[in-house]
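One structure is given here, and the rest of the page talks about it.
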């Protein structure tokens with residue numbers, strides 16, 4: 019589906035961490051198909067969505083190194099000569115972060131700090147783009163949320179992701195690394211982990227529609243979210259890598275549409291031609307870490323990166339469901 | 019010097035983490051002398067300022083358990099029956115955090131997360147007061163800095179301390195722990211680590227004055243800071259523990275005086291009757307993580323805790339220098 023011109027990366031040495039996972043694999047494929055020399059670093063942490071099949075059918079070769087990004091010995095030779103490092107690896111489950119908070123901190127914050135130390139020591143001139151999350155804002159105090167909004171995470175995953183993001187920006191300011199960070203809103207698209215209900219509401223809704231199961235809305239389902247197709251995210255990540263003014267900056271990636279979760283479910287059911295809706299009371303463990311309605315202000319990304327999302331939710335979901343129908347067994 | 023009434027803690031079971039260090043030992047002594055049953059947990063991490071002699075001469079017994087707060091097995095039996103837990107342990111060096119960032123994250127963020135997990139499992143009803151730092155704000159965008167100011171740390175120590183603070187507040191909101199956090203400005207007083215120039219400018223200035231060495235000012239020395247005597251901090255910490263509305267809240271501890279560093283040095287030299295001043299250019303590794311002028315707005319602490327600092331810098335420094343003159347060999 020991606021039709022963006024990535025020819026600037028032709029021949030460029032690129033590393034994608036988390037490159038067997040959802041966003042990382044879509045990015046690695048796009049770069050490789052644009053002629054980049056791509057190496058993926060992925061720890062294949064269970065439940066994180068990493069899968070070798072996410073690179074299957076890619077139109078160009080992608081090397082894969084199985085390693086934790088915090089493992090300096092394994093990672094240093096991989097990143098030593100990279101021109102572009104896309105640091106996408108991470109654990110995304112909010113509930114898991116509350117069940118095993120120390121593990122979440124290790125996976126998201128500690129590994130990233132160690133990774134930045136490796137970059138500083140072996141390749142301080144590489145461009146680094148880090149994917150953070152709108153989760154760092156916590157419950158919005160105003161809408162749309164811009165980058166100046168206070169960062170008050172509501173769960174341990176938000177703490178860890180914020181620490182990782184801040185580390186990238188501090189390494190840019192204090193060590194001169196050419197690092198920037200993108201705060202992603204909810205992302206959907208091909209190659210996302212659909213199993214369980216713990217990678218965000220979008221993959222959960224998609225799986226239930228595909229299986230013709232009821233999509234569960236908590237409360238009235240009227241809280242709204244902006245949703246990004248992964249292709250738009252890939253465009254933003256690559257634009258950030260090419261933007262010479264991005265160093266040390268953080269950018270929201272959001273979408274101008276902000277449907278209610280009820281509307282999102284309806285769009286997915288329409289695109290799938292299956293599934294239904296059911297409303298239940300909020301489970302307390304989810305209510306405690308819910309942030310209510312959210313939409314991001316992405317005007318800084320437009321200004322710096324000339325980025326605007328081009329995929330609307332209805333057409334993005336048609337593409338998404340078509341992908342999963344072809345490869346359903348990989349994701350269920 | 020402390021004359022505050024802490025009789026509310028008479029007979030109360032209190033745990034002070036980091037209780038062999040600067041703030042922790044002053045707090046543990048005050049509580050014990052007020053009749054509390056005090057157990058100190060301290061890992062005696064080198065260079066953190068922990069020293070058994072900090073409890074020497076205390077007017078009441080204090081039990082000491084040598085353990086890292088992240089060591090659940092060692093800590094659980096200590097905290098299991100505590101009514102008040104004062105979680106003061108931490109590494110404070112900004113430069114060390116940039117030299118070994120992963121270690122700083124482990125000591126400040128990871129250990130605190132593990133500690134909160136222990137509290138949640140073995141004693142969810144205890145009151146927990148955590149000492150955070152004004153360093154979480156980074157470079158002030160406006161002055162005085164209130165609790166709504168954005169948190170944008172400038173070094174890894176700030177990241178780790180912010181993560182620890184946020185974890186306390188999240189555990190209050192999501193797990194119902196009775197935890198709150200205090201963001202301390204620069205603190206001075208008896209029992210602070212004076213060795214090295216890495217625990218903040220105040221102990222460095224004090225040591226140099228005591229040794230009749232020149233106090234080094236970077237740049238013009240006109241940046242200002244509010245400075246708190248540790249007795250005022252002890253009063254705030256204990257007030258927060260007794261405040262039933264403090265749960266889930268964060269409070270600045272600041273001082274209405276905000277002398278320039280040049281003035282602070284002059285006050286210390288006057289109190290010591292020794293020392294001198296020298297001005298040098300900023301060392302780059304310090305300039306990169308300097309925050310410029312700072313003063314905190316402590317009106318929320320006044321409103322919730324009825325707390326205002328009562329020790330001014332000149333009289334506080336007389337007390338401080340008098341202490342170190344009596345025990346100089348312990349701290350040099």
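Chains as they are written, first to last, in the numbering used here: chain A, 19 to 350; chain B, 19 to 350. We put the CB at the ideal spot given by N, CA and C, even for glycine. The structure presented is a predicted model; accordingly, all values stated were derived computationally and were not measured.
Subject >> Residue burial classification, residue 166 of chain B (beta-carbon count within 10 angstroms, cutoff 16) >> reply: As a position in the second chain, residue 166 of chain B is number 148, starting the count at 1. Exposed, because fewer than 16 other Cβ atoms sit within 10 Å of the Cβ of residue 166 of chain B.
Would you call the segment 151-167 of chain B and the segment 93-102 of chain B touching, i.e. three or more CB-CB distances under 8 Å? no
Just list the residues that DSSP pairs residue 105 of chain A with in beta bridges.
As a working mapping, residue 105 of chain A is identified with position 87 in the first chain. According to DSSP, residue 105 of chain A bridges with A:35, A:148.
Checklist entry - By the 10 Å Cβ neighbour count, where 16 or more other Cβ atoms means buried, how is residue 54 of chain A classified, buried or exposed? => result Numbered from 1 along the first chain, position 36 holds the residue referred to as residue 54 of chain A. Buried.
**Message:** Using DSSP's beta-bridge definition, name the partner residues of residue 242 of chain B.
**Reply:** Translated into positions along the second chain, residue 242 of chain B becomes position 224. Beta-bridge pairing links residue 242 of chain B to B:278.
**Contact residues within the segment 117-147 of chain A, judged by C-beta distance below 8 Å to chain B** = 119, 120, 123, 124, 127, 128, 131, 132, 134, 135
**Asked** Under the three-state reduction of DSSP, which class applies to residue 338 of chain B: helix, strand or coil?
**Response** Locating residue 338 of chain B in the second chain gives position 320, where the first residue counts as 1. Note: residue 338 of chain B maps to helix in three-state DSSP.
Q.
Taking contact to mean 3 or more Cβ pairs, one atom from each stretch, closer than 8 Å, check whether the segment 85-93 of chain B and the segment 111-118 of chain A are in contact.
A. no
### Residue burial classification, residue 263 of chain B (beta-carbon count within 10 angstroms, cutoff 16)
What you label residue 263 of chain B is simply residue 245 of the second chain in a count that begins at 1. So residue 263 of chain B counts as exposed.
**OP:** Give the DSSP bridge partners of residue 201 of chain A, in chain order.
**Re:** Here residue 201 of chain A refers to the residue found at position 183 when the first chain is read from its first residue. DSSP lists A:150, A:270 as partners of residue 201 of chain A.
Opposing strand residues paired with residue 206 of chain B [DSSP bridges]: Taking the second chain and counting its residues from 1, one reaches residue 206 of chain B at position 188. Residue 206 of chain B is bridged to B:247.
> For residue 160 of chain B, does the count of other Cβ atoms within 10 angstroms reach 16, so buried, or fall short, so exposed?
Replying inline: The sequence position of residue 160 of chain B within the second chain is 142, counting from 1. Residue 160 of chain B is exposed by the Cβ-count criterion.
query: Looking at the C-beta of residue 92 of chain B, does it have a partner C-beta in chain A at a distance below 8 Å?
result: Working through the second chain from its first residue, we reach residue 92 of chain B at position 74. Answer no: the Cβ-Cβ gap between residue 92 of chain B and chain A never drops below 8 Å.
(request) Out of B:255, B:203, B:127, B:108, point me to the one whose CA is closest to residue 46 of chain B's CA. (result) As a first step, residue 46 of chain B is located in the second chain; it is residue number 28 there, counting from the start. The shortest C-alpha separation from residue 46 of chain B is found at B:255.
Review point. Taking the alpha carbon of residue 299 of chain A as the point to measure from, which residue in A:316, A:235, A:72, A:28 has its own alpha carbon closest?
Key: To locate residue 299 of chain A, count along the first chain from 1; it is residue 281. Nearest of A:316, A:235, A:72, A:28 to residue 299 of chain A, Cα basis: A:235.
CB contact below 8 Å: residue 185 of chain B versus chain A:
Residue numbering aside, residue 185 of chain B sits at position 167 when the second chain is read from its first letter. So yes, residue 185 of chain B belongs to the interface.
Drop a sphere of 10 angstroms on the beta-carbon of residue 247 of chain B, count the other beta-carbons inside from all chains shown, and report buried for 16 or more, exposed for fewer. In the second chain, counting from the first residue as 1, residue 247 of chain B sits at position 229. Its Cβ being crowded by 16 or more others within 10 Å, residue 247 of chain B is buried.
Neighbour list for residue 230 of chain A in chain B, Cβ cutoff strictly below 9 Å = Locating residue 230 of chain A in the first chain gives position 212, where the first residue counts as 1. Within 9 Å Cβ-Cβ: nothing; residue 230 of chain A doesn't reach chain B, min ~34 Å.
message: Could you give the first and the last residue of the continuous alpha helix (DSSP H) run that contains residue 178 of chain A?
response: The residue given as residue 178 of chain A occupies position 160 in the first chain. 174-193 is the extent of the alpha helix (DSSP H) around residue 178 of chain A.
### Message
For residue 169 of chain A, would you say it is in contact with chain B, using Cβ-to-Cβ distances shorter than 8 Å as the test?
### Response
Numbered from 1 along the first chain, position 151 holds the residue referred to as residue 169 of chain A. At least one chain B Cβ lies under 8 Å of residue 169 of chain A.
Problem set entry | Partner residues on chain B for residue 157 of chain A, Cβ-Cβ distance less than 7 Å | One-based indexing of the first chain puts residue 157 of chain A at position 139. Per Cβ cutoff of 7 Å: no residues; residue 157 of chain A is ~10 Å from chain B at best.
ask   = Which residue's Cα is closest to the Cα of residue 108 of chain B: B:285, B:177, B:74, B:309?
value = Taking the second chain and counting its residues from 1, one reaches residue 108 of chain B at position 90. Here the closest residue by C-alpha is B:177.
8 Å CB neighbourhood of residue 3 of chain A in its chain, flanking five on each side removed: In the structure as shown, chain A starts at 19 and stops at 350, and residue 3 of chain A therefore has no counterpart that could be examined.
Sufficient close CB pairs (3 or more, under 8 Å) joining the segment 326-334 of chain A to the segment 277-285 of chain A:
yes
Chain-order list of residues whose beta-carbon lies under 6 Å from that of residue 183 of chain B (same chain, five-residue window excluded):
On the second chain, residue 183 of chain B is found 165 positions in, with the first residue counted as 1. For residue 183 of chain B, where only same-chain residues beyond five positions count, the Cβ hits under 6 Å are 150, 199.
For residue 14 of chain A and residue 51 of chain A, what's the separation of their Cα atoms in angstroms? Residue 14 of chain A lies beyond the residue range present for chain A, which begins at 19 and ends at 350; the question has no answer from this structure.
Note down, in chain order, all residues in the segment 305-333 of chain B with a beta-carbon under 9 Å from any beta-carbon belonging to chain A. 306, 307
I'd like to check one pair, residue 195 of chain A with residue 138 of chain A: are the Cβ atoms closer than 8 Å? Position 120 of the first chain holds residue 138 of chain A. Position 177 of the first chain holds residue 195 of chain A. Taking 8 Å as the Cβ cut-off, residue 138 of chain A and residue 195 of chain A qualify as a contacting pair.
| message | Assuming residue 72 of chain B and residue 123 of chain B are in contact, meaning their beta carbons sit under 8 Å apart, how far apart are those beta carbons, in whole angstroms? | response | Stepping through the second chain from its first residue, residue 72 of chain B is reached at position 54. Stepping through the second chain from its first residue, residue 123 of chain B is reached at position 105. Rounded, the Cβ-Cβ distance is 26 Å, inconsistent with contact.
message = When you compare the CB of residue 173 of chain A with every CB in chain B, is at least one pair closer than 8 Å?
response = Residue 173 of chain A sits at position 155 when you count from the first residue of the first chain. Yes, contact with chain B.
Q) Using a Cβ-Cβ cut-off of 7 Å (strictly less than) and excluding sequence neighbours within five positions of residue 237 of chain A, which residues of its own chain qualify? A) One-based indexing of the first chain puts residue 237 of chain A at position 219. Within the same chain, residue 237 of chain A has close Cβ partners 300.
*C-alpha gap between residue 243 of chain A and residue 158 of chain A, whole angstroms*: What you label residue 243 of chain A is simply residue 225 of the first chain in a count that begins at 1. What you label residue 158 of chain A is simply residue 140 of the first chain in a count that begins at 1. C-alpha separation (whole angstroms): 12 Å.
Burial state of residue 217 of chain A, where buried means 16 or more other Cβ atoms lie within 10 Å = One-based indexing of the first chain puts residue 217 of chain A at position 199. Answer is buried; the Cβ neighbour count reaches 16.
* Asked: Taking Cβ positions only, does residue 196 of chain B come closer than 8 Å to chain A?
  -> Numbered from its first residue, the second chain carries residue 196 of chain B at position 178. No, residue 196 of chain B does not count as interfacial toward chain A.
If you follow the beta strand (DSSP E) that residue 236 of chain B is part of, which residue opens it and which one closes it? Within the second chain, residue 236 of chain B is the residue found at index 218, counting from 1. Its beta strand (DSSP E) spans residues 232-236.
query = What separation, rounded to the nearest whole angstrom, lies between the Cα atoms of residue 339 of chain B and residue 136 of chain A?
reply = To locate residue 339 of chain B, count along the second chain from 1; it is residue 321. To locate residue 136 of chain A, count along the first chain from 1; it is residue 118. So the two alpha carbons sit approximately 44 Å from each other.
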